[in-house]
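Encoded as structure tokens, the structure appears first; notes follow it.
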Amino acid sequence: MMGPKARLQPRGPSRKSSSSSTLIFSMLIISLFFILILLALGILSIPTNSINSPTANDLSSIIQRVTDAAGSEVSDGGADHWAEVISWEPRAVIYHNFLSEEECEHLIKMAKPHMVKSTVVDSATGKSKDSRVRTSSGTFLKRGQDETVRAIEKRISTFTFLSVEHGEGLQVLHYEVGQKYEPHYDYFLDDYNTKNGGQRMATVLMYLSDVEEGGETVFPHAKGNISAVPWWDELSACGKEGLSVKPKMGDALLFWSMRPDASPDPSSLHGGCAVIKGNKWSSTKWIRMNEYKA
Ligand SMILES: *[C@@H]1O[C@H](CO)[C@@H](O)[C@H](O)[C@H]1NC(C)=O
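Numbering (the numbering used here), first residue to last: 1095 to 1388.
In structure tokens, the structure reads:
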């Protein structure tokens, strides 16, 4: 009888230690659950702060205010500058009140005597040609042509982080009722036009006038919910065919034709809708990958 007892006794502490390790194990499991619950609560609490404010890397987001527009109800309208990211594919942002009314009028006044029918680039030869897809008239100003132009070019450089020397001269465009520019890319498909400055990387499109109806800039291949723009109900039928920006005097639209890896971005396809009522003045700055000899 002593034998089995003696044999059993040493097992006592070992059984005790195995039961205490079970206890530690279950405590670990319980605390793991606790941590998981805390994590889940933490994760669930994030979206409650950010409903309607997509994160910067949410590629499907349309419209994102970058600066607070709280002061935007000021009646003079011209003093308020703020940026609005409208799309990530293509990368596009509106700078509100980028130009003053005086600057808009100045550009129009300088361009008016020199307006000629706009042309497009022939993708086979790289030469300019007349086209029915682009029915506006326009002219190029020289880079740094006068003090106002230099100030605008400096501002464009500041906003885009791209140097003035990479920019082509400003082009001023005029669209009358019925005039439009069919969707196209700003990057070139030929070798001829990239000799000076390389490929077009970004475009800054400045609206020099309001347009009563039509004349939107439309991105037919933009990703995301195109009808989520607050101005959806004001768009023409053409404007509703993609992500659209309504022309507003002084506003500038920056979009990128190149992805950050310098490959052409097909979602940058864009057009100018026909003006339905009123007329449209705009100015374009194309910015190249390299220095553009002007
Ligand atoms: C797109 O946005 C509009 C306006 O916010 C909304 O009514 C509609 O349900 C959205 N569509 C999709 C597919 O999310």
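No residue lacks a Cβ here, since even glycine has one placed at the ideal position from N, Cα and C.
The structure presented is a predicted model; accordingly, all values stated were derived computationally and were not measured.
Query                                                                                                                                                                                      : Result
For residue 1222, does the three-state DSSP call read helix, strand or coil?                                                                                                               : strand
Scan the segment 1310-1378 and note each continuous beta strand (DSSP E) run of 3 residues or more that stays entirely inside, going in chain order.                                       : 1311-1313, 1337-1339, 1346-1350, 1364-1366, 1369-1371
Is it buried or exposed, residue 1319, if we count other Cβ atoms within 10 angstroms and call 16 or more buried?                                                                          : exposed
Indicate whether at least one CB of chain C lies closer than 8 Å to the CB of residue 1310.                                                                                                : Going by chain labels, chain C is absent from the structure shown, which holds only one protein chain.
Within the continuous beta strand (DSSP E) that includes residue 1255, where are the two ends?                                                                                             : No beta strand (DSSP E) holds residue 1255; DSSP gives it neither H nor E.
May I ask you to check if the CB of residue 1384 is nearer than 7 Å to at least one heavy atom of ligand 1?                                                                                : no
Report the option in 1306, 1356, 1256 whose CA atom is closest to the CA atom of residue 1368.                                                                                             : 1306
Please state the DSSP three-state secondary structure of residue 1234.                                                                                                                     : strand
How would the residue list near ligand 1 read, in chain order, if you kept each one whose beta-carbon is closer than 6 Å to any heavy atom?                                                : 1319, 1321, 1322
Could you name the residues of the same chain whose beta carbon sits closer than 8 Å to that of residue 1200, not counting the 5 residues immediately before and after it, in chain order? : 1242
Could you check whether residue 1386 and residue 1290 sit closer than 8 Å to each other, using their CB atoms as the reference points?                                                     : yes
Residue 1227: buried (16+ other C-beta within 10 angstroms of its C-beta) or exposed?                                                                                                      : exposed
Which partner residues of residue 1382 appear in the DSSP bridge assignment?                                                                                                               : 1294
In angstroms with no decimal places, state the Cα-to-Cα distance between residue 1261 and residue 1131.                                                                                    : 55 Å
Round the Cβ separation of residue 1273 and residue 1219 to the nearest angstrom and send it over; I've been treating them as touching at under 8 Å.                                       : At roughly 25 Å, the Cβ-Cβ gap does not stay under 8 Å, so residue 1273 and residue 1219 are not in contact.
Can you give me the Cβ contacts of residue 1192 inside the same chain, cut-off strictly under 8 Å, excluding the 5 residues immediately before and after it?                               : 1175, 1249, 1253, 1300, 1344, 1345, 1346
How many angstroms separate the CA atom of residue 1352 from the CA atom of residue 1298?                                                                                                  : 13 Å
Do you know whose CA, among 1281, 1317, 1271, 1244, lies nearest residue 1310's CA?                                                                                                        : 1271
Apply the 10 Å Cβ neighbour rule to residue 1359 and answer buried if 16 or more other Cβ atoms are within range, or exposed otherwise.                                                    : buried
Does the Cβ of residue 1295 have 16 or more other Cβ atoms within 10 Å, making it buried, or fewer, making it exposed?                                                                     : buried
Using the beta-carbon count (16 or more within 10 Å), is residue 1364 buried or exposed?                                                                                                   : buried
Cα-Cα, which of 1276, 1376, 1126, 1231 is closest to residue 1341?                                                                                                                         : 1376
Which of the three DSSP states is assigned to residue 1184 in this structure?                                                                                                              : coil
Does ligand 2 have even one heavy atom less than 7 Å from the beta-carbon of residue 1310?                                                                                                 : By its list of ligands, the structure shown excludes ligand 2, since it contains just ligand 1.
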